[in-house]
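Engineer:
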Amino acid sequence: TARTLDDGRGIAATVASIRDLNGRGAFHVAATEGKIDVCKYFVEELGLDVNVTSCKGKFRFLPSQFPVSMEDDEMCTHECVSAINVVFLIGDTPLFHAAFENHLAVVEYLLDHGADPSIPDERGYTVLHCASQEGHCEVVNLLLSKGIPVDPDSFVGTPLNAAARNRQEKIVKILLEHGANPNKVSDSIFSPLLVSVLTESLECTKLLIKAGADVNASTPSGTTPLSVAAHEGLTDFIKCLLEAGADPNVVNESGRRPIELAALFAKRHDVEILFHATSPIPYMPDWSVDGIISFVKSERFKLRDEELSSNRFAEMKSKGGNAFKKNEYLTAIYYYSMAMEMNPLDATIFSNRSVCWLRRGEGDRALHDAQVCRMLRPKWPKACYREGAARSLLNDYAGAADAFLEGLTLDPGNEEIEKALWEAVESMKKLHCSDKKQ
6 TARTLDDGRG IAATVASIRD LNGRGAFHVA ATEGKIDVCK YFVEELGLDV
56 NVTSCKGKFR FLPSQFPVSM EDDEMCTHEC VSAINVVFLI GDTPLFHAAF
106 ENHLAVVEYL LDHGADPSIP DERGYTVLHC ASQEGHCEVV NLLLSKGIPV
156 DPDSFVGTPL NAAARNRQEK IVKILLEHGA NPNKVSDSIF SPLLVSVLTE
206 SLECTKLLIK AGADVNASTP SGTTPLSVAA HEGLTDFIKC LLEAGADPNV
256 VNESGRRPIE LAALFAKRHD VEILFHATSP IPYMPDWSVD GIISFVKSER
306 FKLRDEELSS NRFAEMKSKG GNAFKKNEYL TAIYYYSMAM EMNPLDATIF
356 SNRSVCWLRR GEGDRALHDA QVCRMLRPKW PKACYREGAA RSLLNDYAGA
406 ADAFLEGLTL DPGNEEIEKA LWEAVESMKK LHCSDKKQ
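Going letter by letter, the sequence shown gives residues 6 to 443 in our numbering.
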């Protein structure tokens, strides 16, 4: 019982102080499990704070373990360490955990007893983002009935972005009915409409267009919903977007129009659809469906494409670095991803993107890029360091230590790697001791 846990400070203080390795308290666990009776006990008997946050004031992995001087030379080498705190400080409330697990009764109880649904975590992520992403319609409706803002921004954009990204058509409809802005972008890149095309949700696309989404809204480098649809061969999306007024003459970041993308990927039917809406392209000698398909296979097109790609690669890499310096990590990820399409064998791009994922707290993706980086440059100490940092974020301290050790073997005098290695070893010891106590 709770009384047996009393260490002399009183039951409430003792229970409030209990935390697991992820910084969750007993209240968070009860909400996660949908234990409404336990939640009532915490609120009504112990008087615990209904808005208590997880991991408040502690790191999942100390920022000193990711020294900024190990970053790519192009990437803000003397940036203040505190800039990465946001990745490791979480700050979720019990309400967040109940909403994530779709425990409607617990959500309702917490709201009725003072839970604040507008409190964001350290990345700007709110309960509405969480419920929208997971597709919990009743929870979303309940939250919106409390009059909370429908368009709070976060590291994944607005709740509408989160719903579109996860193909949650019902949630998209609910949010739009409550006034969500279909044209609000995430980190200056992705509109909800572009996200819906990328995730191939035609129903979300139609709902957003009906709500007034700008079909010609582009990313900073020129990608439009129509160019994405043409690139991916999404015929139904192409038709839908053209009917809504999408401009087929817009050039994307690679200097290509939608019709060229369709031809390049052998989507003849899509070329035929786009042909009637596209203005003739001056450098194409034969303006016909067959002529366009033939031209994109020609040596002339390849030479032109190589020249454009070379210039664009340098531009995308530079823009990625500039975005990183401004802490616009999603923007940087976008540009690095574009650069990867042009040169998938450049290890520094994977290294840089891995750091961006790390700063956003997305360990799995950071690890993936770090491992690709190591595959491309096996003897590069920084690649080992990238993998170690990613594994540390995932609490895989043994794997992190192995990666750091290999990096230190390649570069014995590297103080940053050595420090990270010892800190990973210490974290591994603490984790082992904690497991033994349990």
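Yeah, the Cβ is synthetic: ideal placement off N, Cα and C, and Gly gets one too.
All of these numbers come straight from a predicted model, not from anything done at the bench.
#1: Would you give the residue range spanned by the alpha helix (DSSP H) that Glu174 belongs to?
#2: Here's the rule I'm using: 16 or more other beta-carbon atoms within 10 Å means buried, otherwise exposed. How should Gly28 be labelled?
#3: Provide the residue(s) that pair with Gly30 in DSSP beta bridges, ordered along the chain.
#4: Three-state secondary structure (DSSP) at Ser293?
#5: DSSP three-state call for Trp362: helix, strand or coil?
#6: Taking the alpha-carbon positions, what's the Arg184 to Leu212 distance?
#7: So, under 8 angstroms CB-CB, Arg128 and Phe160 are touching, yes? Tell me the CB distance rounded to an integer number of Å.
#8: Quick one: what does DSSP say Thr414 is sitting in, helix, strand or coil?
#9: For Ala18, count the other beta carbons within 10 Å of its own beta carbon; 16 or more makes it buried, fewer makes it exposed. Which is it?
#10: Residues in its own chain within less than 6 angstroms of Asp374 by CB, not counting five upstream and five downstream?
#11: Who are the near neighbours of Lys434 in its chain, counting only those whose CB is closer than 6 angstroms to its CB and skipping five residues on each side?
#12: Please name the residue, chosen from Thr283, Ser259 and Thr240, that lies closest to Asp275 on a Cα-to-Cα basis.
#13: What separation, rounded to the nearest whole angstrom, lies between the Cα atoms of Lys384 and Ser293?
#14: To the nearest angstrom, report how far apart Gly39 and Glu143 are at their CA atoms.
#15: How would you call Tyr288, buried or exposed, if buried means at least 16 neighbouring beta carbons within 10 angstroms?
#16: What does a CB cutoff of less than 7 angstroms around Leu426 pick up in its chain, not counting 5 residues either side in sequence?
#17: Determine, using beta carbons only, whether Tyr339 and Thr229 come nearer to each other than 8 angstroms.
#18: Ser159 by DSSP, collapsed to three states: which one?
#19: What number of angstroms, rounded off, separates the C-alpha of Ala268 from the C-alpha of Leu415?
#20: Are Ala454 and Asn188 touching if we call contact CB-CB under 8 angstroms?
#21: Do you know how far the Cα of Asn332 is from the Cα of Asn186?
#22: Tell whether a beta-carbon distance below 8 angstroms holds between Asp126 and Gly96.
#23: Select from Ala169, Glu174, Ile124 and Lys45 the residue whose C-alpha is nearest the C-alpha of Glu113.
#24: If you draw a straight line from the C-alpha of Gly393 to the C-alpha of Leu199, how long is it?
#25: Return the Cβ separation of Ile264 and Phe280 in integer angstroms, given the expectation that the two are a contact with Cβ distance under 8 angstroms.
#26: Put Lys435 into one of helix, strand or coil per three-state DSSP.
#27: Over the uninterrupted alpha helix (DSSP H) stretch that includes Val255, give me the two end residues.
#28: Where Ala36 and Ser59 are concerned, what is the direct C-alpha to C-alpha distance, given to the nearest angstrom?
#29: Between the C-alpha atoms of Pro417 and Phe329, what's the straight-line distance to the nearest angstrom?
#30: Which of the three DSSP states is assigned to Trp427 in this structure?
#31: Just how far apart, CA to CA, sit Glu320 and Gly260?
#32: So the alpha helix (DSSP H) Ala220 belongs to, where does it begin and stop?
#33: Taking 7 angstroms as the limit between beta carbons, can you name the residues of its chain near Leu181, skipping five residues before and five after?
#34: Closest by CA to Asp291, which one among Glu237, Leu247 and Phe300?
#35: By the three-class DSSP mapping on this structure, what secondary structure does Ala18 have?
Structural biologist: According to the data block:
#1: Per DSSP, Glu174 belongs to the alpha helix (DSSP H) from Glu174 to Glu182.
#2: Around the beta-carbon of Gly28, 16 or more other beta-carbon atoms lie within 10 Å, marking it buried.
#3: Beta-bridge pairing links Gly30 to Arg24.
#4: Note: Ser293 maps to coil in three-state DSSP.
#5: Trp362 falls in the helix class under three-state DSSP.
#6: A small fix is needed here, since residue 184 is Gly in this sequence, not Arg. Going from the Cα of Gly184 to the Cα of Leu212 covers about 13 angstroms.
#7: Contact holds; Cβ gap of about 4 angstroms.
#8: Three-state DSSP puts Thr414 in a helix.
#9: Ala18 comes out exposed.
#10: These residues qualify, in order along the chain: Phe355, Arg358 and Ser359.
#11: Contacts found: none.
#12: Of Thr283, Ser259 and Thr240, the residue nearest in Cα terms is Thr240.
#13: Straight-line Cα distance between these residues: approximately 51 angstroms.
#14: Cα atoms of Gly39 and Glu143: separation of roughly 15 angstroms, rounded to the nearest angstrom.
#15: Its Cβ having fewer than 16 others within 10 Å, Tyr288 is exposed.
#16: Taken in chain order, the residues that qualify are Ala406, Phe409, Leu410 and Leu413.
#17: Not a contact, by the Cβ cut-off of 8 angstroms.
#18: Coil at Ser159, not helix or strand.
#19: Roughly 47 angstroms separates the two Cα atoms.
#20: The first residue shown for the chain is 6 and the last is 443, placing residue 454 beyond what the model contains.
#21: Roughly 25 angstroms between the two C-alpha positions.
#22: Yes, Cβ-Cβ distance for Asp126 and Gly96 is below 8 angstroms.
#23: The residue among Ala169, Glu174, Ile124 and Lys45 with its C-alpha nearest the C-alpha of Glu113 is Lys45.
#24: Cα-Cα distance, rounded: 34 angstroms.
#25: That pair is a contact at about 7 angstroms.
#26: Three-state result, Lys435: helix.
#27: That residue, Val255, is in no alpha helix (DSSP H); it is neither H nor E in DSSP.
#28: Going by the C-alpha atoms only, they are around 12 angstroms apart.
#29: One C-alpha to the other measures close to 29 angstroms.
#30: In the displayed model, Trp427 falls within a helix according to three-state DSSP.
#31: Their Cα atoms are separated by approximately 13 angstroms.
#32: According to the sequence provided, residue 220 is Val. The question's Ala does not apply to it. Taken as a continuous stretch (DSSP letters only), Val220 belongs to no alpha helix (DSSP H), as it is neither H nor E.
#33: Closer than 7 angstroms at Cβ, skipping near neighbours: Pro187, Leu212 and Ala216.
#34: Ranked by Cα distance from Asp291, the first of Glu237, Leu247 and Phe300 is Phe300.
#35: Helix, per DSSP.
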